[in-house]
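S.K.: One structure coming up, written as structure tokens, with questions to follow.
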Amino acid sequence: MPELPEVEVLARHLRPALHGKSIRRIRVNRPKILRPTTEKQLQRALTGAKFKGLTRRGKYLLFEFRAKGGKDITLLGHLGMTGRMFVARKGEALPKHAAVVWELSKGTFVFEDTRYFGRMTLDLSAVEKLGPEPWDREFTPEVFARELKRSRQPIKVKLLDQSLIAGVGNIYASEALFRAKISPRLAANKLKFAQVERLLDAVRDILSEAIACGSTVPLNFGTGKSDGLFYFGSAPGVEDYYEERLQVYDRGGKPCLVCGSPIVRLVQAARSTFFCGRCQKV
DNA sequence: CACCATGTTCCTTG
DNA sequence: CCAAGGAACATGGT
Numbered sequence: 136m137p138e139l140p141e142v143e144v145l146a147r148h149l150r151p152a153l154h155g156k157s158i159r160r161i162r163v164n165r166p167k168i169l170r171p172t173t174e175k176q177l178q179r180a181l182t183g184a185k186f187k188g189l190t191r192r193g194k195y196l197l198f199e200f201r202a203k204g205g206k207d208i209t210l211l212g213h214l215g216m217t218g219r220m221f222v223a224r225k226g227e228a229l230p231k232h233a234a235v236v237w238e239l240s241k242g243t244f245v246f247e248d249t250r251y252f253g254r255m256t257l258d259l260s261a262v263e264k265l266g267p268e269p270w271d272r273e274f275t276p277e278v279f280a281r282e283l284k285r286s287r288q289p290i291k292v293k294l295l296d297q298s299l300i301a302g303v304g305n306i307y308a309s310e311a312l313f314r315a316k317i318s319p320r321l322a323a324n325k326l327k328f329a330q331v332e333r334l335l336d337a338v339r340d341i342l343s344e345a346i347a348c349g350s351t352v353p354l355n356f357g358t359g360k361s362d363g364l365f366y367f368g369s370a371p372g373v374e375d376y377y378e379e380r381l382q383v384y385d386r387g388g389k390p391c392l393v394c395g396s397p398i399v400r401l402v403q404a405a406r407s408t409f410f411c412g413r414c415q416k417v
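If you're matching positions, the first sequence starts at 136 in this note's numbering and goes up one per residue.
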């Protein structure tokens, strides 16, 4: 479930769910997910700590706590490929792959992750390496263009570079390029300035629309199958809602929704890219 | 069985 | 030193 929009929507749901609560006890079922923090360190830092706030940076979540001794603590969360987080109600069964569980003053916070690629750690170094948020005022088309000039990698691959721009993942990279009518194969340093402008607008619009869409969906994490979100999401009764959300991703061989020509799948940097060979000529 | 999957990091090669 | 490519991580779905 996790690119910037999904993480943003999750943050908006978790904030009120954690408001005013503190951590009674921490259970770690998958210590690796804390790396390089140890289970002991996490428990020492957070047992008895009170939730103070939650922000998002790129695809990361930053949990703020006030520890028992009065010290402020930041905990970093990342969903990896398959991570989910939710506050379960009392007596609710834990999912099979619950990696970390916080028993709260009221309720239970669950970080579950089938593939265990996610993170929950006191090591904040990953965030320092992130590039700007897509809507950062300083991140102008001029800045974007200057960075792209330095690379001959395909533009699709550059969009996934979190040190260039934070938060774009494999799905929305394809979607943004389709929106901007730019070929994913075009070398980053070959983009015209007008294309860079269009691409930045497209990235911002695609992500904003996904957040707006996700924000209207009633999440119901606890009950099982529904992660309530986006591409794989199926909140009850809103199935059709998702139909038209993705224009190219995972639509290989299907007709382009603009021109009807078949959507092409290719592999770049070991990841699938989808695009329309007719609409995205250059 | 084969191949695919929303992400990041590490290692190798040039 | 850097850029680029690929494997590894771990589990499940088709």
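We treat Cβ as the ideally placed atom computed from N, Cα and C, and that holds for glycine.
Because the structure is a prediction, the values reported are computed rather than measured.
(1) Is Gln403 helix, strand or coil when you go by DSSP?
(2) Tell me which residue opens and which closes the alpha helix (DSSP H) that Ala180 is part of.
(3) Taking the beta carbon of Gly372 as the centre, do at least 16 other beta carbons fall within 10 Å, making it buried, or is it exposed?
(4) If you check the beta carbons only, do Leu177 and Leu257 fall under 8 Å apart?
(5) Run through the DSSP bridge pairs and tell me what Leu211 is partnered with.
(6) Could you tell me the alpha carbon to alpha carbon distance between Gly226 and Lys241, rounded to whole angstroms?
(7) Restricting to Cα atoms, I'd like to know which of Gly395, Phe410 and Val393 is closest to Leu401.
(8) Bridge partners for Thr408 per DSSP, in chain order?
(9) On the DSSP bridge assignment, give the partners of Asp340 in chain order.
(10) Please state whether DSSP places Ala308 in a helix, a strand or coil.
(11) From Ala233, His154, Thr217 and Pro230, pick the residue whose C-alpha is nearest to that of Phe198; which is it?
(12) Note down the Cα distance separating Val393 from Phe200, rounded to an integer number of angstroms.
(13) Buried or exposed, going by whether 16 or more other CB atoms sit within 10 Å of the CB of Glu277?
(14) Strictly by DSSP, which residues pair up with Glu247?
(15) If you run the structure through DSSP and keep just helix, strand and coil, what is Gly349?
(16) What's the C-alpha gap between Arg320 and Val144?
(17) Confirm, please, whether the CB-CB distance from Val383 to Val338 is below 8 Å.
(18) Can you tell me whether DSSP reads Phe274 as helix, strand or coil?
(19) For Asn305 and Gly204, what's the separation of their Cα atoms in angstroms?
(20) Less than 8 Å between the CB atoms is what I'm expecting for Ile168 and Arg254, so what's the real figure, rounded?
(21) Measure the alpha-carbon distance for Ser343 versus Pro397 and round it to whole angstroms.
(22) With distances taken between CB atoms, is the gap from Ile158 to Leu139 smaller than 8 Å?
M.R.: Let me lay it out:
(1) Start at 1 with the first residue of the first sequence, and residue 403 comes out as number 268. Reduced to three states, the DSSP call for Gln403 is strand.
(2) What you label residue 180 is simply residue 45 of the first sequence in a count that begins at 1. Its alpha helix (DSSP H) spans residues Glu174 to Leu181.
(3) Translated into the one-based positions of the first sequence, residue 372 becomes position 237. A caution first: Gly372 carries a pLDDT of 43, below 50, which makes its placement in the model too unreliable to give a value.
(4) As a first step, residue 177 is located in the first sequence; it is residue number 42 there, counting from the start. As a first step, residue 257 is located in the first sequence; it is residue number 122 there, counting from the start. Cβ atoms of Leu177 and Leu257: closer than 8 Å.
(5) Here residue 211 refers to the residue found at position 76 of the first sequence. In DSSP, Leu211 forms a bridge with Leu197 and Thr256.
(6) Start at 1 with the first residue of the first sequence, and residue 226 comes out as number 91. Start at 1 with the first residue of the first sequence, and residue 241 comes out as number 106. Cα to Cα, Gly226 sits roughly 12 Å from Lys241.
(7) The residue labelled residue 401 in the question sits at position 266 within the first sequence. Minimum Cα distance to Leu401 is reached at Phe410.
(8) The residue given as residue 408 occupies position 273 in the first sequence. Answer is Leu401, bridged to Thr408.
(9) On the first sequence, residue 340 is found 205 positions in, with the first residue counted as 1. For Asp340, which the question treats as bridged, DSSP gives no partner whatsoever.
(10) The sequence position of residue 308 within the first sequence is 173, counting from 1. Ala308 falls in the helix class under three-state DSSP.
(11) Taking the first residue of the first sequence as 1, we reach residue 198 at position 63. Ranking Ala233, His154, Thr217 and Pro230 by Cα distance to Phe198 puts His154 first.
(12) Translated into positions along the first sequence, residue 393 becomes position 258. Translated into positions along the first sequence, residue 200 becomes position 65. Roughly 48 Å separates the two Cα atoms.
(13) Sequence index remark: in the first sequence, residue 277 carries index 142 (1-based). Exposed, because fewer than 16 other Cβ atoms sit within 10 Å of the Cβ of Glu277.
(14) Counting from 1 along the first sequence, the entry for residue 247 is found at position 112. Paired residues: Arg219 and Ala233.
(15) Within the first sequence, residue 349 is the residue found at index 214, counting from 1. The answer is helix: DSSP assigns Gly349 an H, G or I state.
(16) Residue mapping note: residue 320 aligns to position 185 of the first sequence, counting from 1. Residue mapping note: residue 144 aligns to position 9 of the first sequence, counting from 1. Cα-Cα distance, rounded: 31 Å.
(17) Mapped onto the first sequence, residue 338 falls at position 203. Mapped onto the first sequence, residue 383 falls at position 248. No.
(18) Translated into positions along the first sequence, residue 274 becomes position 139. Coil at Phe274, not helix or strand.
(19) Indexing the first sequence from 1 puts residue 305 at position 170. Indexing the first sequence from 1 puts residue 204 at position 69. Asn305 and Gly204: Cα-Cα distance of roughly 42 Å.
(20) Looking up residue 168 in the first sequence gives position 33. Looking up residue 254 in the first sequence gives position 119. About 6 Å; that satisfies the 8 Å criterion.
(21) Mapped onto the first sequence, residue 343 falls at position 208. Mapped onto the first sequence, residue 397 falls at position 262. Using only the alpha carbons, I get a separation of about 27 Å.
(22) Working through the first sequence from its first residue, we reach residue 158 at position 23. Working through the first sequence from its first residue, we reach residue 139 at position 4. No. Outside cutoff.
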